[in-house]
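If you're matching positions, the sequence shown starts at 5 in this note's numbering and goes up one per residue.
Virtual Cβ for every residue (Gly too), placed ideally from N, Cα, C.
These numbers come from a predicted model, not from an experiment.
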Amino acid sequence: MGERLRIHPETPQRRFVEQAAKCLADHGVVVLPTNTSYALTAAPGSRSAIERIARIKQINPDKKLFSLIVPDLSDIARYASVENHAYRIIRRFLPGPYTFILPATREVPRILLAKRKTIGIRVPDHNVPRRIAEQAGGALLATTMRLPEEPFALSDPDEIERCVGHQVDLILEDGWGEVEPSTLVDLTSGIPEVIRTGAGDPAPFA
């Protein structure tokens with residue numbers, strides 16, 4: 005059974021942040037709160053952790069249904085190529101409840117890349133995932149804490165522990181979360197395209 009810890013959403017306890025980062029470095033799977041739903045996270049280059057998450061969600065790990073959480077806007081260029089038009093949009097909406105699809109750089113592990121060689125990038129408006137991403141080396145692989153056949157993400161920490169506590173290494177919780185994922189917007193063509201509507205208002209991209 006994975007350990008469960010209560011973490012402060014605004015000033016995360018340093019020892020918990022360091023514990024999560026070490027767990028990720030050891031190819032662990034960690035459940036984290038974000039500004040949208042809870043997320044399953046792993047080190048971006050850990051195939052074993054990615055495969056564990058895929059089993060939890062009953063998805064094909066080769067479908068590339070993962071995004072990267074980075075600590076700050078200044079970290080995005082490490083993992084994605086950002087043209088001027090895309091940067092203006094990103095600067096306006098991040099940190100926030102959006103994930104933006106961008107061309108990936110060589111820093112993104114190949115196991116995360118689809119044929120188009122793009123990657124979803126998030127900067128959540130939540131200190132826990134951002135501080136852990138920073139401590140873990142710059143990025144976290146993340147996917148919504150939603151189980152197969154469920155219409156919404158799990159939001160109750162007790163339910164998360166009951167459903168996946170035996171399949172993950174660490175659960176960091178800060179109370180009830182939201183049930184919707186981030187809104188997913190593709191910026192690769194020069195014209196924003198909403199791929200998935202979630203917690204972020206899609207109207208600006210209509």
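So the beta strand (DSSP E) residue i belongs to, where does it begin and stop?
i      : result
Ile175 : Leu174 to Glu177
Glu197 : Glu197 to Arg200
Leu144 : Leu144 to Thr148
Leu28  : Segment Arg18 to Ala29 is the alpha helix (DSSP H) holding Leu28; no beta strand (DSSP E) there.
Thr122 : Thr122 to Arg126
Thr45  : Ala43 to Ala46
Leu34  : In the sequence as presented, Leu is not what sits at residue 34; that position holds Val. Looking at the DSSP string, the run of the beta strand (DSSP E) that includes Val34 is Val34 to Leu36.
Under three-state DSSP, which class holds residue i?
i      : result
Pro107 : strand
Leu9   : strand
Asp76  : coil
Ala137 : helix
Leu116 : helix
Glu55  : helix
Leaving aside the five residues before and after residue i along the sequence, list all residues of the same chain whose C-beta is less than 7 Å from its C-beta, in chain order.
i      : result
Gly194 : His89
Thr122 : Ile105, Leu106, Pro107, Ala108 and Thr192
Tyr102 : Ser186, Thr187, Val189 and Gly204
Ala143 : Pro48, Leu72, Ile73, Val74, Tyr83 and Ala137
Gly100 : Asp129 and Gly204
Alpha helix (DSSP H) containing residue i: first to last residue?
i      : result
Asp190 : Looking at the DSSP string, Asp190 is not in any alpha helix (DSSP H); the run it does join, the beta strand (DSSP E), is Thr187 to Asp190.
Ile63  : Careful: Ile63 lies outside any alpha helix (DSSP H) and carries neither H nor E.
Val168 : Pro161 to Val168
Around the Cβ of residue i, are there at least 16 other Cβ atoms within 10 angstroms (buried) or fewer (exposed)?
i      : result
Pro13  : exposed
Met5   : exposed
Glu153 : exposed
Leu36  : buried
Asn64  : exposed
Ile80  : buried
Gly181 : buried
Asp178 : buried
Glu184 : buried
If you drop the 5 nearest sequence neighbours on each side, which residues of the same chain put their C-beta closer than 6 Å to that of residue i?
i      : result
Glu111 : Arg82 and Tyr83
Pro196 : Val189 and Phe209
Asp173 : Gly6, Cys27, Gly32 and Val33
Gly169 : Met5 and Gly6
Pro75  : Arg134, Ala137 and Glu138
Ile199 : Leu188 and Asp190
Once you ignore the five residues that flank residue i on each side, which residues in its own chain have a CB closer than 8 Å to its CB?
i      : result
Asn131 : Pro13, Glu14, Thr15 and Pro16
Ala140 : Ala24, Ala25, Leu28, Ala29 and Ala47
Checklist entry - Counting only runs that start and end within the region 78–103, where is the beta strand (DSSP E) found for 3 or more residues in a row? => result none
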